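Residue numbers (the working numbering): 1 to 589. In this text, a Cβ means the ideal position worked out from N, Cα and C, and glycines have one as well. Quick caveat, the model's predicted, so the values are computed rather than measured. Encoded as structure tokens, the structure appears first; notes follow it.
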Ligand code: ASP
């Protein structure tokens with residue numbers, strides 16, 4: 001037998017018992033007459049003790065053990081004289097009577113402890129060692145529990161899990177596809193799914209009614225810290241539902257997961273329209289852990305001779321509470337430089353300080369009287385001690401820039417608190433987005449999203465301008481400024497789907513070639529349906545208050561999309577290339 005107990009479970013109550021443990025050497029301390037070893041496994045760490053006086057041979061053997069050696073030991077459980085209150089097993093130690101080295105280990109390239117000295121690349125190369133570290137293991141265990149709780153909840157609610165294929169034809173979710181050459185069909189390629197979108201809709205046509213899948217999706221995008229080329233979604237679809245029913249179901253799932261995983265009871269999620277989000281926060285995924293809403297100052301600030309504002313389409317500001325005393329000229333300059341960085345792109349930053357002594361100091365004081373500036377403060381509900389920051393320019397750009405500034409101030413002022421969760425539904429997204437440069441429409445969500453019922457007629461018969469104003473039954477779940485997921489009620493009617501493809505610039509042939517199967521299915525009694533998908537990796541990270549999804553993926557890829565451990569992607573040999581018809585004439589010497 002390798003073990004009677006694991007390394008995390010022995011307590012004082014086990015005193016006197018003879019036990020067998022197996023695990024890895026975390027650390028060893030040689031104190032001359034005694035050698036102590038910390039033995040680690042997934043469940044914890046137990047101290048082993050070897051005594052020179054009692055068994056010199058065994059103690060000598062223990063001294064030779066290196067870090068990460070794999071051991072099996074026999075011994076008896078003893079009360080420790082100096083206890084370690086920070087460890088669950090800290091009251092006991094094992095007085096070892098037999099030791100077997102199950103495997104030796106080279107010295108690991110970084111320390112395998114909670115805090116490690118290994119850099120990111122090194123840890124990815126030796127991911128199997130990084131995964132031995134408790135915080136990393138905890139994340140993977142957390143993920144496993146989250147998946148199990150998700151399955152339990154959805155199964156209970158009547159959803160069935162269906163596996164959809166991984167070798168498919170491309171689904172346009174807005175990213176590039178990964179493709180796989182077909183050996184048996186020369187010159188033809190499969191695509192890896194960006195999502196199971198069309199399959200889950202087909203399952204509704206088939207009458208499965210409620211589908212879910214915890215599923216890998218693939219998108220060939222340039223990577224950022226929170227993106228991976230392959231990632232996991234909780235993907236769902238329901239028949240005979242309205243938007244409200246979809247939102248209620250997945251609000252229920254989210255609340256349940258927070259309760260089960262964190263013992264946090266979330267209140268009902270507020271719903272905010274896309275327009276409201278853009279107007280008040282400049283972004284469609286507002287972080288509601290703090291207020292700092294936008295205020296439009298067009299009517300108060302224009303027409304007083306300050307050309308920058310007079311020429312601007314929009315003059316908008318935010319109010320930061322109680323920071324006037326802390327924000328000196330130097331800090332104002334620094335913040336101004338921050339908004340002028342190319343990533344933000346503002347031309348300048350106007351501020352008004354409502355000082356504690358009642359005086360007002362502003363970077364535009366030359367152009368406006370104190371009464372003017374006071375009236376702006378009133379619009380914000382500003383009090384003594386507050387500072388108002390204003391940006392101006394073209395409406396969309398200014399909103400975006402001010403949205404970034406709002407988040408930056410939230411970060412600097414410590415307004416985004418760990419353990420504070422502010423979920424909301426953003427609803428009523430536009431159906432289509434006009435791309436000025438390409439002079440064409442893009443689907444704001446994806447091409448299968450339905451316009452609101454009240455907009456169907458206008459979509460079928462309206463002119464170009466009308467199309468820009470169409471609203472969709474599309475929704476996103478946002479928590480703390482992170483988009484957790486999104487979905488929509490779908491088109492289930494062939495004529496409407498054809499119209500949508502046309503608006504998106506597909507020719508009839510292209511639409512038929514790529515999506516003929518779906519439109520065909522719509523002709524055989526497709527039920528009204530809708531669904532949603534949550535980013536599973538992201539949900540893990542948000543629940544744990546972390547930024548990077550990488551920490552929740554057992555084998556993640558780096559910023560170049562590489563798996564550093566197996567060294568992929570890699571070249572394939574000429575025979576393979578030839579078989580796949582990717583290199584028709586292999587050169588013969
Ligand atoms: N397929 C969509 C996505 O991956 C989700 C959905 O519409 O259900 O974002």
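Put simply, of 562, 426 and 446 the residue whose alpha carbon is nearest the alpha carbon of residue 276 is 426. Apart from sequence neighbours up to five positions away, no residue of its chain approaches residue 86 with a beta-carbon distance below 7 Å.
In this structure residue 498 is not in contact with residue 467, their Cβ atoms being roughly 15 Å apart against a cut-off of 8 Å. In the DSSP assignment, the residues bridged to residue 362 are 352.
Judged by DSSP in its simplified three-state form, residue 175 adopts coil rather than helix or strand. Residue 51 has 34 as its beta-bridge partners, per DSSP. In this chain, residue 446 is not harboured by any alpha helix (DSSP H), its DSSP state being neither H nor E. Nearest neighbour of residue 215 by Cα position, chosen from 535, 577, 2 and 110, turns out to be 535. Distance from the CA of residue 356 to the CA of residue 532, rounded to the nearest whole angstrom, comes to 49 Å. Scanning 90, 313, 475 and 228 for the CA closest to the CA of residue 445 turns up 475. In summary, residue 333 is exposed, with fewer than 16 beta-carbon neighbours lying within 10 Å of its beta-carbon over all protein chains present. In terms of Cβ geometry, residue 472 and residue 452 form a close pair [threshold 8 Å].
Between the C-alpha atoms of residue 423 and residue 482 there is a straight-line separation of about 9 Å. Excluding sequence positions up to five before and after residue 229, its CB lies within less than 8 Å of the CB of 178, 218, 219, 220, 221, 223, 557 and 561, all in the same chain and listed in chain order. Of the heavy atoms belonging to the ligand ASP, none sits nearer than 7 Å to the Cβ of residue 529.
Taking the Cα of residue 74 as reference, the smallest distance to any Cα among 16, 30, 364 and 108 is reached at 16. Within the same chain, and ignoring the five residues on either side of residue 76 in sequence, the residues whose Cβ sits closer than 8 Å to its Cβ are 16, 17, 18, 19, 94, 95 and 97. For residue 299, the closest C-alpha among the options 416, 22 and 310 is that of 310. The Cβ-Cβ distance between residue 304 and residue 367 falls below 8 Å. Judged by their CB atoms, residue 459 and residue 127 are not nearer to each other than the 8 Å cut-off.
The criterion of a C-beta distance shorter than 8 Å is not satisfied by residue 182 and residue 233.
For residue 294, there is no enclosing alpha helix (DSSP H), as DSSP marks it with neither H nor E. Fully contained in the stretch 124-161 are the following alpha helix (DSSP H) runs of length 4 or more, in chain order: 127-130 and 134-156. Considering only 288, 164 and 26, the residue with the shortest C-alpha distance to residue 71 is 26. By the Cβ-count criterion, residue 500 is buried, with 16 or more other Cβ atoms from all chains shown falling within 10 Å of its own Cβ.
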